[in-house]
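Below you'll find the structure, written out as structure tokens, and then a few comments.
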Amino acid sequence: MQSRVEPLKNLGYGIPLKFYIALAAIALVFLVPTIITNAYYIRIAISMTLYIMLVMGLRLMITGGEFNLAIPAFMAIGAYTAALLMTEKGWNWWPCMIVAGGMAVVIAAIVGRIVLRVKGIYFAILGFALVMIMRNVWLTWPDLFGGTSGISNIPTISGLSGSLDSFYYLGAGLAVFTVIIMYLLDKSRYGLTLKAMGQADNLAESVGVNVMRYKLSAFVVGAFFAGIAGAFFASMQHFIDPEEFGFAMVLFIILYAVAGGMRSFIGPIIGVIVLLALPVGLKEIPGYDPKIEPIIFGGILVAIMLFLSQGFVSLPEKLLTLYKWVRERFRREEVEEYAAT
Amino acid sequence: MEQNVIIQTFVNGVMLSTVLILFALGLSLIFGIMHIVNFAHGEVYMLGGFGMWWFFAEERLIGGQGLPGFVLSLVLTMVLVAFIGVVMERLFFRKFRGNLLPGLIISVGLIFVMQASVAKGWGFLDKAIPTPSAFEGVIHAAGATLSKERLFVIVIAVVCVVGLYLFLMRTRQGRSMRACSQDPDAAALQGIGVDRTCSIAMAIGCALAAASGCLAGSVFLVNPYMGSFPLLKAFVAIILGGMGSLPGTILGGFVIGFTESFGSTYLSSTVASMLIFLVLIAVLVVRPMGFFGRPLGH
Amino acid sequence: MPLLELRGLSKYFGGLAAVNEVDMEVREGEIRGLIGPNGAGKSTLFNVVTGFYKPTQGTVAFNGEDITGVRPDIVAGKGLVRTFQATVLFPMFTVMENVLAGVHLQSNVGVLGGIFHPFVPSVREKTARGLRRASEIVEFMGLGDLRSFPAGSLPHGHQRILGVAVALATEPKMLMADEPVTGMNAEETDMMMRTIQKIRDELGVTILLVEHDMRAVMGMCERLTVMDFGRKIAEGSPKEIRENPAVIEAYLGAED
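As structure tokens, this is what we get:
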């Protein structure tokens, strides 16, 4: 019996060339610390790895038709779980990471069942609400969670040399892991079903798709990677407080995902990389005031929504179309000129 | 004295409610007529607060820091912010009318821009707005000590809401707006300029948010990040009352305001906030259309 | 035993009865028509039977099993599938991918299956099976030449055929088609009708058809059920229905 999967755009893993490009990209990712030595840049790269983990969770759910803005809440849950286990119980980071992810999964499974009954804009608003609820949970029991000052003196990750580069390698490893899992999901039958739901959930239901179950699973998967990212963040920064995982983080993941291009797979990744790298480049401009950075980001988001709704990744295609259009216009003018002579 | 605390908390609840209601009515109006969820509404509110500070606290108008100056600053701020709102609508929201999620995303972009612009221009520190001399101090009523300023804020908020009601019910423009919110296509067929109606809705909605910001700013403090606080609370109020229903928004506003006031006094402000968000989840799951709203998707 | 059995089925919206105490039986293997003036409640009936609405009263039994108020995806799992009155497709998928999505029931895959897909032969085989099945259906429905085209770019008639193809992918015992030829010209209507006939004749699928196009209905349906104002007002062969005074009244009355 033939088992090879015929590659379609939305199912199957595509041509071998893509595989080699991906391998090269992954290799490049791990070579970064040898190329870039500036500690400040490495820190930014670490932020990128964290945000990639978050943004891919958001993307998975968008594929299924819903805007999951609760991701920072699960990062917080992962961070606090890991932080508490390490500071109170003296655990090693590695099991903490697993438990942090597990905690996020469990809470997502319970909360998701309630919260996913709601759709569209209401679910988006609910995501914000969940983020704010978690923030208030940390503040309501200060004895447990450290209140406004959060939890500090979180030990580092054992087995790591403790240098910045070593944190980068771990972060990159986690991010690559996340992206690979997300890719496998996206191109499998599971991803196809999710994408179908995202386009017409009534049709999907009529052919036997349990829409709620799929949404819940996407919600939980997103929570898992957010939880792990949180555990990593807690140990890397050595302290966490409730404000880290609030309103602002939700806005940023929206920004990166949308600016990069929500529909494509690598769109959100590109969004994270470009927009986190941008401030570095901007700083080089003489007279630049970092305080206007949010204005630039906001401006980019507005411009994307107005003019380039599929995000950065659609830029090459749009430019190509523009180029062809311009070439066509010139050709027509040439023909007219020639005809006139 | 126990009675004093209860009455103060009650009056506080009324004040928080009415200020929130102004804000939420603006948001609800914009949603009902333009079918846009404007997350930057909080920043409009913040602009209102800053307008009040710039005109009144910095004494840039005649009337100084007395009552006339206060009212003049309020009105001027509302007009200016309304104008900014109309520009925003024309440039950014017109394309997304009826498209809720994209509208939300673009308003997120505007949040970034507005917050940072104000922070760059005037710094990120808190600023205070002085009380107009006529309303300094306290009065004693019903066995309690009440701040004159807070009572004054309640009065102004109520005046604004009544003004809105009269506008919507009694004027032709108001009727056009109600028609637009029920069925934009039918309204267009009847010759109602949908574009113009949306602009006016935006103007009024932003004016209300600005008023809310002015009043909140005078009682509390003003800073570039004050916009996020009322935003989510207003959403809870609107969803509780039923999206698209103005009386529902008023009802929801009172529920939220009192929850906040009594919750903060007798429990803690963080618990009060948590309660409010839990209410949101409960409403959305149990009765998503709220008290007076229409069922979603119909 | 009838394949589909409705007893006293009612659906109220507020005080308005969109479906009012309808009794109906559909025999296995028949092509049944459901007709009536606009607003008679036919689409509402479809929604109630397939679980998109919950009935206010009454029962629905399919293949001897009670499916009253059961979720649409479970209903599909039992072998009852419907198409939609509006053209509902997965617009960004190709024709092939659309039908592939419809094969869900035979090859659905959860998170773990999705992740380990390339490594677990049984999951790979499942997916491959799904692809083969989808391919067969695409050919059966005459869409083979269009298989790689995005569904959104197809002409209207082909989109509606695709809708039926997607429903067919669930390997149903019964297909409920809601106005399949809406917006089609005569040629497309003939094509659709011949295809539906083929579905019953070659695949043994029972058909319940809502349609306004009288030529199609009279030509194809072996029995007709007529609804007006939510109630069943007549049932019988096309000839009987054509001459039924209540039916004539309902249609004439609706023309005022």
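So the protein sequences, as listed, match chains U, H and B.
Be aware that the first sequence starts at 1, since it is given in the working numbering, and climbs by one per residue.
Be aware that the second sequence starts at 1001, since it is given in the working numbering, and climbs by one per residue.
Be aware that the third sequence starts at 2001, since it is given in the working numbering, and climbs by one per residue.
Beta carbons are placed, not taken as given, at the ideal position from N, Cα and C, and that holds for glycine.
| Item | Value |
| --- | --- |
| Nearest neighbour of H/F1050, chosen from H/A1141, H/G1137, H/I1036 and H/S1218 [CA to CA] | H/S1218 |
| B/D2213, DSSP secondary structure in three states | coil |
| Collapsed DSSP secondary structure at H/V1183 in the structure displayed | Here residue 1183 of chain H turns out to be Asp, not Val, going by the sequence shown. It is coil, neither helix nor strand. |
| Where H/G1297 sits in the DSSP three-state scheme | At H/G1297 the pLDDT is 38, less than 50, meaning the model places this residue with poor confidence; the figure from the coordinates comes in the next sentence. Of the three classes helix, strand and coil, the one that applies to H/G1297 here is coil, per DSSP. |
| is_contact[B/V2109, chain U] using C-beta, thresh 8 Å | yes |
| Proximal residues of chain H, C-beta to C-beta of U/V313 below 7 Å | Ordered by position in chain H, no residue passes the 7 Å Cβ test against U/V313, which lies about 16 Å from the chain. |
| Straight-line Cα distance separating H/I1281 from U/I110 | 13 Å |
| Chain-ordered chain H contacts of U/N136 [CB-CB under 8 Å] | T1270, V1271, S1273, M1274 and F1277 |
| Meets three-Cβ-pair contact criterion under 8 Å: the region 308–318 of chain U and the region 261–275 of chain U | yes |
| C-beta contact flag for U/S217 and B/G2113 at 8 Å | no |
| Proximity below 8 Å, CB of B/E2028 to CB of B/E2005 | no |
| Under 9 Å (Cβ pairs) to chain U, residues found in the region 2116–2140 of chain B | F2116, H2117, P2118, P2121, V2123, R2124, E2125, K2126, T2127, A2128, R2129, G2130, L2131, R2132 and S2135 |
| Candidates H/N1038, H/M1034, H/G1032 and H/Q1003, of which the one nearest H/L1232 by Cα | H/N1038 |
| Contacts around H/L1081, its chain only, beta-carbon distance under 7 Å, and the 5 residues preceding and following it disregarded | It is worth fixing the name first, because residue 1081 of chain H is Val in this sequence and not Leu. These residues qualify, in order along the chain: V1044, L1047, G1048, G1051, C1206, A1207 and A1210. |
| Other residues of its chain near B/G1967: CB distance less than 6 Å, five sequence neighbours each side excluded | The requested residue 1967 of chain B is not part of the displayed model; chain B covers only 2001 to 2256. |
| Pairwise C-alpha distance: U/F128 and H/N1223 | 22 Å |
| Segment limits, beta strand (DSSP E) that includes B/D2294 | Outside the displayed span of chain B (2001 to 2256) sits residue 2294 of chain B, for which this structure offers no information. |
| 9 Å Cβ cut-off: residues of chain U touching B/L2105 | V207, G208 and V209 |
| Nearest to U/L255 (by Cα), restricted to the options H/Q1065, H/L1072, H/V1005 and H/L1110 | H/L1110 |
| Coil, strand or helix - B/G2008 by DSSP | strand |
| Partners in chain H for U/K291, counting only beta-carbon separations shorter than 8 Å | A1116, A1119 and K1120 |
| Contact check, H/A1201 vs H/M1034, beta carbons under 8 Å | yes |
| Chain B within 8 Å of U/Y20, Cβ atoms only | no |
| Nearest neighbour of H/G1290, chosen from H/T1009, H/F1229, H/G1257 and H/G1244 [CA to CA] | H/G1244 |
| 8 Å Cβ cut-off: residues of chain B touching U/S217 | G2110 and V2111 |
| Interface partners of B/L2089 on chain U, CB under 9 Å | Q199, A200 and L203 |
| is_contact[U/N10, chain B] using C-beta, thresh 8 Å | yes |
| Cα-Cα separation between U/F219 and U/R59, rounded to whole angstroms | 10 Å |
| Paired residues, beta bridge with U/H238 - DSSP | Paired residues: none, contrary to the question. |
| The region 180–200 of chain U: positions lying closer than 7 Å to chain B by Cβ | I181, L184, L185, S188, R189, Y190, G191, L192, T193, A196, Q199 and A200 |
| Where the beta strand (DSSP E) containing B/T2059 begins and where it ends | Q2057 to F2062 |
| First through last residue of the beta strand (DSSP E) which encompasses H/S1147 | A1144 to S1147 |
| Beta-carbon contacts of B/T2068 that lie in its chain and below 7 Å, excluding the five residues immediately before and after | P2055, T2059 and V2060 |
| Assumed close pair H/S1017, H/F1258 - CB separation to whole angstroms, cut-off 8 Å | 6 Å |
| Chain A contact residues for U/Y288, given Cβ-Cβ distances below 8 Å | In the structure shown, chain A does not exist; the protein chains are U, H and B. |
| Own chain residues within Cβ distance below 7 Å of H/G1297, not counting five before or after | Residue confidence is low: H/G1297 scores 38 on pLDDT, short of 50, so the model does not pin down where it sits. Its coordinate-derived value is still stated next. Hits under 7 Å: none found. |
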